[in-house]
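Numbering follows UniProt numbering, with no gaps: position 55 of the sequence shown is 55.
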Amino acid sequence: MSLFITDECINCDVCEPECPNDAISQGEEIYEINPNLCTQCVGHYDEPQCQQVCPVDCILIDEEHPETQEELQAKYERIIAEK
Numbered sequence: 001m002s003l004f005i006t007d008e009c010i011n012c013d014v015c016e017p018e019c020p021n022d023a024i025s026q027g028e029e030i031y032e033i034n035p036n037l038c039t040q041c042v043g044h045y046d047e048p049q050c051q052q053v054c055p056v057d058c059i060l061i062d063e064e065h066p067e068t069q070e071e072l073q074a075k076y077e078r079i080i081a082e083k
């Protein structure tokens, strides 16, 4: 599953540079995560880096975009092939 940022986001700017897939961007009011680019850092790290640096723990699993570990790996491989 991809991740999403709740409205508890304080716009501290620490999550965006941590995302290896450039899935995080500034939205109208808070940062947002593109579910088409989020792999929970599969292929890059053992744990989602954005969650590790978020000071308010507002980055959660997006239940609306369920994906298996294998699907996240396939998404990662597709993303790096397009770069």
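All C-beta atoms, glycine included, are put in the ideal place defined by N, C-alpha and C.
May I ask you to report which of helix, strand or coil DSSP gives residue i?
i: Q51; result: helix
i: I79; result: helix
i: E32; result: strand
i: L37; result: coil
Which one of the options has the shortest CA to CA distance from residue i?
i: C9; options: A81, C58 and D46; result: C58
i: M1; options: K83, R78, E64 and Y76; result: E64
i: N11; options: N21, L3, E28 and D22; result: E28
i: A81; options: E47, L37 and I61; result: L37
i: K83; options: E70, I24, E71 and P20; result: P20
i: residue 122; options: D7, N34, I61 and I79; result: Residue numbering for the chain in the displayed model covers 1 to 83; residue 122 lies beyond these limits and cannot be assessed.
i: E77; options: G43, P66 and A23; result: G43
i: I79; options: V56, T68, I5 and P35; result: P35
Are residue i and residue j close, meaning C-beta to C-beta below 8 Å?
i: A16; j: Y31; result: At residue 16 the sequence reads Glu, which differs from the Ala that was named. Cβ atoms of E16 and Y31: closer than 8 Å.
i: C50; j: L3; result: yes
Pop quiz: residue i and residue j are said to be a contact at Cβ under 8 Å. What is the actual Cβ separation, rounded to whole angstroms?
i: Q26; j: L72; result: So it is not a contact: roughly 24 Å between Cβ atoms.
Within the present structure, is the beta-carbon of residue i separated from the nearest heavy atom of the ligand SAM by less than 7 Å?
i: C12; result: The ligand SAM is not part of this structure, which contains no ligands at all.
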